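Numbering (my numbering), first residue to last: 474 to 821.
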């Protein structure tokens, strides 16, 4: 009994030391490579920071973690609010950790455009998974990113993989915006749907169907089971209307009940088979290389935008220009040109 108490006390002391220690890059890198969840959480907070003083530290941590070559699978999961994304992820996550896998969940919470706040409640919705020692759950505010993807999710994936999590689940807000961002950072893209929700035909029209590698009809239980089977047939027909994927993969349609834990193993079996097929034909590594190129250009865009709005003279000029635009004294286009010209002047 005393040995257990000492072990528990040692663990608590170690966690407290991580929290009190200054955020040095070397300290965080060491903690991440040791699989320490506190260090991993601190590192993600660092890369999410928009402060310039944190940028060099964050880049050093990410560069060190990039050098850790590990076989991983990144899975994006999206769907409209209420489709059961968190329940599905918890059910899938628990199945994977029970099988001996280490799973990281990067759950992106919607940020209010009015208050700039977010609920960050995914941990409360995944009560069992959050207590699992083989799981790491990180809710992050989406900010103003298109498609509800946190701006630094790409870097968070790299950190989680370096910490030993070889299955990364990325949950998006799923509010009907473009999901291109999450599609460009994962190996497999799952679209969750509901049967009998009146969106079957609308769903067929949406471009997101073309991006999905699998379409999963959730809540296929009880009275909804019959409707789920009918929806599966409709979606399977719809998928045949889309051009074949470059990798030769034909998107699959499955139904499951995350609450009753039915169909989850079949879905994972399908994802596992996809991974093996894509690794065999080299498409897996090719896609990741293309993603790296995409995120290079995306990062340049983000940094240019960030530097623009953080410039003190731009901030001051923007307030004046906004008043002119609101009163129609200046067109939005002329105002933009005026600010961009000021930035060019600043750079010289």
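A virtual CB, placed ideally from N, CA and C, is assigned to each residue, including glycine.
All values derive from a computational prediction rather than experimental measurement.
From residue 610 to residue 498, what does the alpha carbon distance come to, in whole angstroms? 22 Å
Confirm, please, whether the CB-CB distance from residue 549 to residue 655 is below 8 Å. yes
What does the Cβ neighbour count give for residue 794, buried or exposed, with the cut at 16 atoms within 10 Å? buried
What ranges does the alpha helix (DSSP H) occupy inside the stretch 730-810, keeping only unbroken runs of at least 4 residues that lie completely in it? 737-753, 756-783 and 785-799
For residue 764, the nearest candidate out of 554, 660 and 508 (CA to CA): 660
Using three-state DSSP, classify residue 665 as helix, strand or coil. strand
Can the beta-carbon of residue 691 be found less than 8 Å from the beta-carbon of residue 566? no
Grouping DSSP H, G and I as helix and E and B as strand, with all else coil, what is residue 725? strand
Distance between beta carbons of residue 652 and residue 581, contact taken as under 8 Å: Their Cβ separation, rounded to whole angstroms, is 11 Å, which puts residue 581 and residue 652 out of contact at 8 Å.
Inspect the beta-carbon positions of residue 686 and residue 747 and report whether they are closer than 8 Å. yes
Considering only their Cβ atoms, is the gap separating residue 683 from residue 638 smaller than 8 Å? no
Report all residues from its chain with a CB closer than 6 Å to the CB of residue 743; omit the five preceding and five following residues, and keep chain order. 725
In the DSSP assignment, what residue or residues form a beta bridge with residue 522? Paired residues: none, contrary to the question.
Ignore the nearest five residues each way along the sequence and tell me which others in residue 729's own chain have a CB closer than 7 Å to its CB. 689, 691, 693, 735, 736, 737 and 740
Assuming residue 626 contacts residue 599 under a Cβ cut-off of 8 Å, what Cβ separation, rounded to an integer in Å, is found between them? So it is not a contact: roughly 17 Å between Cβ atoms.
Report buried or exposed for residue 662, applying the criterion of at least 16 other Cβ atoms within 10 angstroms of its Cβ. buried
So what does DSSP say about residue 691, is it helix, strand or coil? strand
DSSP three-state label for residue 685, please. coil
For the beta strand (DSSP E) that contains residue 560, what are its first and last residues? Premise fails: residue 560 lies in the alpha helix (DSSP H), 558-571, not in any beta strand (DSSP E).
Got a sec? Which residues, its chain only, sit under 6 Å from residue 757 by beta carbon, not counting five neighbours each side? 751
Could you tell me which of 537, 721 and 749 sits nearest to residue 545, measuring between CA atoms? 749
Is residue 534 near residue 562, with beta carbons less than 8 Å apart? no
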